[in-house]
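Asker: Protein chains in written order, with our numbering: chain Z, 3 to 265; chain V, 683 to 972.
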């Protein structure tokens with residue numbers, strides 16, 4: 003239910019921001035989050051007169067350990083969904099709309115539809131994640147559990163690691179939880195360190211300006227380039243006759259792109 | 683000087699009426715105070731190739747943008763097989779059989795060569811798949827044989843089979859232009875708009891690509907009309923059945939390649955007034971203003 007409600011909201015935000023550029027879409031999303039946090043989540047029905055809301059875990063996942071396994075299972079299901087989604091016609095069309103709106107439109111693809119689909123799917127997955135978070139912290143107060151600026155820290159961690167990879171999402175999740183848990187459980191005297199962690203994530207996000215695809219993708223690319231130095235470009239990526247006589251892309255750039263796809 | 687011919691298609695039979703495949707009627711486009719196109723008319727008959735030439739800034743790409751639906755004209759109409767599509771979006775026109783390539787290739791860098799063609803094929807033949815596939819488990823099944831036949835046939839025709847699985851971002855310009863052509867053809871269009879497809883290619887590569895274009899038009903299973911915008915006037919004259927010449931946003935000539943070669947206004951636009959008086963009948967070779 004949470005996923006479906008979030009998907010509807012995502013579709014609405016996606017539709018309203020159709021004509022906006024990337025930065026403005028981010029601002030609209032942020033504004034929408036603040037709006038929900040301050041106007042909706044503070045309503046009496048959402049805070050239950052200050053007592054908070056309870057979202058029971060499934061019976062088979064009542065213990066913390068089993069609930070962790072449930073979260074992992076949900077992650078794997080969505081990871082598989084995303085892998086298949088990227089290969090599907092919808093995924094190809096989303097990719098097309100991302101790289102060239104003019105090319106997509108003249109190929110018969112509705113860019114508007116794709117933006118709404120992208121917003122819906124992203125919000126649906128976030129909604130499921132939010133439901134799991136609510137279960138983990140139940141009883142919870144929405145205005146305290148779903149804080150927009152805390153979400154920005156999560157985003158910073160994700161962007162630092164990589165935004166277009168299931169593996170990066172997994173590493174980002176572990177990276178966000180594990181150091182905090184380590185400090186709180188084993189290094190209680192280093193209280194300053196726990197507050198410094200978000201700062202490190204913020205610095206990492208700044209590095210995203212240099213490596214927009216994230217640290218994981220950048221390091222993977224470098225590793226592949228290193229491997230390619232000792233391995234020729236695959237033979238099936240040979241330009242045909244016409245291309246043999248035309249401007250050739252920068253070899254290093256071509257190699258890195260080829261390596262990413264071949265791997 | 684004659685206007686555009688509407689002779690019978692070279693192959694595939696004639697349409698139900700005599701309407702041109704695609705026509706621009708009195709198109710005017712202004713960018714603020716700049717008049718980019720002034721009352722320009724152009725048409726291409728089914729199964730024919732129309733060339734559109736002119737010096738830099740003549741308005742060729744602007745006219746192609748109007749024809750493909752990416753740009754709205756301030757005045758005039760666009761008709762597709764006699765039907766007014768002036769207000770139709772680029773996507774609607776694509777679904778009705780208008781495909782195009784771009785001067786600066788508008789490729790999808792995250793996709794492979796084959797994925798470009800597959801996506802364009804599905805967008806035209808079964809547009810519902812664009813959103814249905816994310817929920818439909820049947821999308822996991824192998825593609826239908828017709829899709830493979832069409833895509834593989836085009837890859838073979840354009841000699842792209844060897845790079846079918848390569849990401850387009852890694853390919854040289856000449857191949858990328860072929861990928862765009864393949865993507866445009868994958869949806870089995872009735873009108874193909876080519877915006878400077880020979881740009882960046884040397885003479886040998888240009889000749890090869892022109893052969894491919896002629897082969898596509900001649901061997902397509904139904905009449906395919908092509909409008910080609912190109913600076914290489916000699917290539918356009920050799921390829922086209924009809925040629926239109928623009929200069930400063932106005933159509934200054936239209937006719938067969940032979941007529942265009944002899945046209946004084948065309949020679950003046952390309953070579954300057956003094957040169958045009960010689961009238962030796964040779965084709966202009968440069969796309970720059972005198």
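C-beta: ideal position from N, C-alpha, C; glycine also.
1. In whole angstroms, what is the alpha-carbon distance linking residue 83(Z) and residue 835(V)?
2. Ignore the nearest five residues each way along the sequence and tell me which others in residue 774(V)'s own chain have a CB closer than 8 angstroms to its CB.
3. Go ahead and label residue 64(Z) buried or exposed: buried means 16 or more other beta carbons lie within 10 angstroms of its beta carbon, across all protein chains shown.
4. Would the beta-carbon of residue 909(V) fall within 9 angstroms of that of residue 707(V)?
5. Would you please verify whether the beta carbon of residue 11(Z) is less than 9 angstroms from any beta carbon of chain V?
6. Quick one: is residue 176(Z) buried, meaning 16 or more other Cβ sit within 10 Å of its Cβ, or exposed?
7. Quick check on the burial criterion: 16 or more other C-beta atoms within 10 angstroms. Buried or exposed for residue 227(Z)?
8. Verify whether the separation of the beta carbon atoms of residue 805(V) and residue 777(V) is less than 9 angstroms.
9. Of all Cβ atoms in chain V, is any one closer than 9 angstroms to the Cβ of residue 38(Z)?
10. Does the CB of residue 878(V) have a neighbour CB from chain Z at under 9 angstroms?
11. Spell out whether any CB of chain Z is found under 9 angstroms from the CB atom of residue 980(V).
12. Buried or exposed: which applies to residue 784(V), given that a residue is buried once 16 or more other Cβ atoms fall within 10 Å of its Cβ?
13. What in chain V is Cβ-close to residue 115(Z), meaning under 8 angstroms?
14. Taking the alpha-carbon positions, what's the residue 945(V) to residue 935(V) distance?
15. Going by beta carbon distance, what residues of the same chain come within less than 7 angstroms of residue 237(Z), once the five residues before and after it are set aside?
16. Tell me whether residue 853(V) is buried or exposed, calling it buried when 16 or more other Cβ atoms sit within 10 Å of its Cβ.
17. For residue 221(Z), which option in 162(Z), 49(Z), 48(Z), 180(Z) has the closest C-alpha, if you only look at C-alpha atoms?
18. Among 129(Z), 132(Z), 91(Z), which one has its Cα closest to the Cα of residue 793(V)?
19. Return helix, strand or coil for residue 767(V), following the three-state DSSP convention.
20. Quick one: what does DSSP say residue 854(V) is sitting in, helix, strand or coil?
21. Touch check for the stretch 147 to 157 of chain Z and the stretch 106 to 121 of chain Z: three-plus C-beta pairs under 8 angstroms?
22. What does residue 835(V) reach in chain Z if we use C-beta pairs closer than 8 angstroms?
23. Report all residues from its chain with a CB closer than 7 angstroms to the CB of residue 803(V); omit the five preceding and five following residues, and keep chain order.
24. Please identify, using Cβ separations under 9 angstroms, the residues of the stretch 15 to 44 of chain Z that lie next to chain V, in order along the chain.
25. When you compare each of 880(V), 903(V), 905(V) to residue 893(V) by their alpha carbons, which one comes out closest?
26. Per DSSP, which one or two residues make a beta bridge with residue 725(V)?
27. Under 8 angstroms: do the stretch 707 to 726 of chain V and the stretch 884 to 893 of chain V share three or more Cβ pairs, one atom per stretch?
28. Hey, residue 925(V) and residue 951(V) are a contact pair by Cβ (cut 8 angstroms); roughly how many whole angstroms apart?
29. Alpha carbon to alpha carbon, how far is residue 138(Z) from residue 93(Z)?
30. From residue 36(Z) to residue 856(V), what distance separates their C-alpha atoms?
31. Is residue 28(Z) buried or exposed, if buried means 16 or more other CB atoms sit within 10 Å of its CB?
32. From which residue to which residue does the beta strand (DSSP E) around residue 874(V) run?
33. Would you check if the distance between the CB atom of residue 931(V) and the CB atom of residue 807(V) is smaller than 9 angstroms?
34. Could you tell me whether the Cβ atoms of residue 7(Z) and residue 131(Z) are closer together than 9 angstroms?
35. Bridge partners for residue 782(V) per DSSP, in chain order?
36. Determine the burial state of residue 61(Z): buried for a count of at least 16 other Cβ atoms within 10 Å of its Cβ, exposed for fewer.
Answerer: On the basis of the supplied data:
1. 31 angstroms
2. 751, 767
3. exposed
4. no
5. no
6. exposed
7. exposed
8. yes
9. no
10. no
11. Lying outside 683 to 972, the shown extent of chain V, residue 980(V) is not represented and no answer is given.
12. buried
13. 812, 813
14. 8 angstroms
15. Model confidence at residue 237(Z) stands at a pLDDT of 44, short of 50, so the residue's coordinates are unreliable and nothing is read from them.
16. buried
17. 162(Z)
18. 91(Z)
19. coil
20. coil
21. no
22. Near residue 835(V) there are no residues of chain Z at all, since even the closest Cβ is about 16 angstroms away, more than 8 angstroms.
23. 829, 832, 833, 868, 869
24. none
25. 880(V)
26. 705(V)
27. no
28. Not a contact, Cβ separation roughly 13 angstroms.
29. 32 angstroms
30. 49 angstroms
31. exposed
32. 873 to 877
33. no
34. no
35. 875(V)
36. exposed
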